[in-house]
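Q: Residue numbers (our numbering): 2 to 168.
Idealized CB from N, CA, C, for every residue including glycine.
If you're wondering where the values come from, they're calculated on a predicted model, not measured in any experiment.
Below is one structure. I have some questions about it.
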């Protein structure tokens, strides 16, 4: 026997939404992981695109989440950098990702100042993990391959060259 498939019901365009619905959705997303304000706003806009006066309600909901300390760009940047460090990602890749999701340049610059110091050792660790050692290969082709690997991880050119041991 086949069960009837229920189609998800979409509210009609222009219908009003309640602030509580938006806050509840935001709270559910924030319970799973940290979000930046910009990133959370984008997700909520997609979910509640049918609502009238969405921008006003969205702004109120995000302000409420910040007042309850559920939403913090500072915490998001810190948690993202911890995750990136565990993955062995470089400063440039982190900066690009944070600019897309957060957009708070002041917080990003401040956090990446500390991260830039660690990036040098992260580049060495990534190189050793992938290739077994950090010695500079004699063959140009192999050296270029290892440089491309480090650059794809988000390390600057100078950090890439410094990751190799001088012989």
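For residue 34 and residue 27, I'd like the C-alpha separation in whole angstroms.
A: Translated into positions along the chain shown, residue 34 becomes position 33. Translated into positions along the chain shown, residue 27 becomes position 26. Taking the straight line joining both Cα atoms gives about 11 Å.
Q: Which ranges does the beta strand (DSSP E) cover as unbroken runs of at least 3 residues, wholly within the segment 82-147, from first to last along the chain?
A: For the segment 82-147, not a single whole beta strand (DSSP E) run of length 3 or above is found.
Q: For residue 90, does the count of other Cβ atoms within 10 angstroms reach 16, so buried, or fall short, so exposed?
A: Looking up residue 90 in the chain shown gives position 89. When all chains shown are included, residue 90 counts as buried.
Q: Quick one, are the C-beta atoms of residue 63 and residue 38 less than 9 Å apart?
A: Start at 1 with the first residue of the chain shown, and residue 63 comes out as number 62. Start at 1 with the first residue of the chain shown, and residue 38 comes out as number 37. Yes; because the gap between Cβ atoms is below 9 Å, this pair is in contact.
Q: Could you give the distance in angstroms between the alpha-carbon of residue 42 and the alpha-carbon of residue 59?
A: Position 41 of the chain shown, counting from 1, holds the residue named residue 42. Position 58 of the chain shown, counting from 1, holds the residue named residue 59. Those two C-alpha atoms are separated by around 7 Å.
Q: Look at residue 69 and residue 121 and say whether their C-beta atoms are less than 9 Å apart.
A: As a first step, residue 69 must be located in the chain shown, where it is residue number 68. As a first step, residue 121 must be located in the chain shown, where it is residue number 120. It is not a contact, given that the beta carbons lie outside the stated cut-off.
Q: Which residue comes first and which comes last in the alpha helix (DSSP H) that contains residue 45?
A: As a working mapping, residue 45 is identified with position 44 in the chain shown. Residue 45 -> alpha helix (DSSP H) spans 38-48.
Q: Residues in its own chain within less than 8 Å of residue 8 by CB, not counting five upstream and five downstream?
A: By one-based count along the chain shown, residue 8 stands at place 7. Confidence is the limiting factor: at residue 8 the pLDDT is only 44, short of 50, which leaves the residue's position unreliable and the question unanswerable from this model.
Q: Taking all protein chains shown into account, decide if residue 145 is buried (16 or more other Cβ within 10 angstroms of its Cβ) or exposed.
A: Mapped onto the chain shown, residue 145 falls at position 144. Answer is exposed; the Cβ neighbour count stays below 16.
Q: Is the beta carbon of residue 117 closer than 9 Å to that of residue 151?
A: Residue numbering aside, residue 151 sits at position 150 when the chain shown is read from its first letter. Residue numbering aside, residue 117 sits at position 116 when the chain shown is read from its first letter. Cβ distance not < 9 Å, so residue 151 and residue 117 don't count as in contact.
Q: Taking the alpha-carbon of residue 61 as reference, which of 19, 32, 75, 88 has the nearest alpha-carbon?
A: The residue labelled residue 61 in the question sits at position 60 within the chain shown. Among 19, 32, 75, 88, the Cα nearest to that of residue 61 belongs to 19.
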